[in-house]
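Here the sequence shown stands for residues 1 to 116, numbered as in the UniProt record's numbering.
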Amino acid sequence: MQVDYKPASEQMLKADKGISFQKLLNMAGSFMLLGLLASIFTVPFSLNEELKLYYDNRLVLKGEKLEEFLSFVFAAGFAYFMLVRLYFTQRRLFYIFLWLILIDSIIMVFLLYVSH
């Protein structure tokens, strides 16, 4: 009995790349923004001392407060996604924006301290 040896054929193995880091950050940002938007409807629900769920109508965002909250959410979302995009396309501009945010935050700390 004779064994017939054949050379193994070359196979190209493809690695599963999965999702990119940018896509992961975008998905995380989307979930955070959706969570903030969902909080408009979930904040009025609470538990009392007997652990019963109740709805507090005083906590519902209405009118001007709702507009302020929505403008904050959309501005924060725009800033987040802009910074994620800048991080992967123009890293130098990304760091410039981070420095500007840092300087603005420090100035706001002192302005709030002086005004109160």
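Don't be surprised by glycine CBs; every beta carbon is placed ideally from N, CA and C.
Being a predicted model, the structure only gives us computed values, none of them experimental.
Task: Same chain, Cβ closer than 8 Å to L53, neighbours up to 5 away in sequence not counted - done: Counting only Cβ-Cβ distances below 8 Å, and skipping sequence neighbours, we find F45, S46, L47.
TODO: Measuring alpha carbon to alpha carbon, tell me which of I96, V73, R91, S9 ends up nearest L34.
DONE: The option with the nearest alpha carbon to L34 is V73.
Open item on the list: Rounded to the nearest angstrom, what separates V3 and M12 at their Cα positions?
Closed with: Roughly 27 Å between the two C-alpha positions.
TODO: Please report the Cβ distance between L37 and V84, rounded to the nearest whole angstrom; I am assuming they are in contact, meaning their Cβ atoms lie under 8 Å.
DONE: Not confirmed; about 19 Å, so no contact.
TODO: Run through the segment 7-49 for me and flag every whole alpha helix (DSSP H) of 4 or more residues, listed as ranges in chain order.
DONE: Counting only runs of 4 or more, we get 21-42.
- [ ] Taking 7 Å as the cut-off, decide whether the C-beta atoms of Y87 and G29 are in contact.
- [x] Going by C-beta atoms, Y87 is not nearer than 7 Å to G29.
- [ ] Return the chain-ordered list of same chain residues with a C-beta closer than 8 Å to the C-beta of L51, the five sequence neighbours on each side being excluded.
- [x] In the same chain as L51, and ignoring 5 residues on each side of it, no C-beta atom comes closer than 8 Å to its own.
Task: Range of the contiguous alpha helix (DSSP H) that encloses V59 - done: Reading the sequence as shown, one finds Leu at residue 59 and not Val. Here L59 belongs to no alpha helix (DSSP H), and DSSP marks it neither H nor E.
Open item on the list: Is the beta carbon of L66 closer than 7 Å to that of V43?
Closed with: No, the pair does not count as a contact, with Cβ atoms beyond the cut-off.
TODO: Express the C-alpha separation of F97 and residue 148 in angstroms, rounding to a whole number.
DONE: In the structure as shown, the chain starts at 1 and stops at 116, and residue 148 therefore has no counterpart that could be examined.
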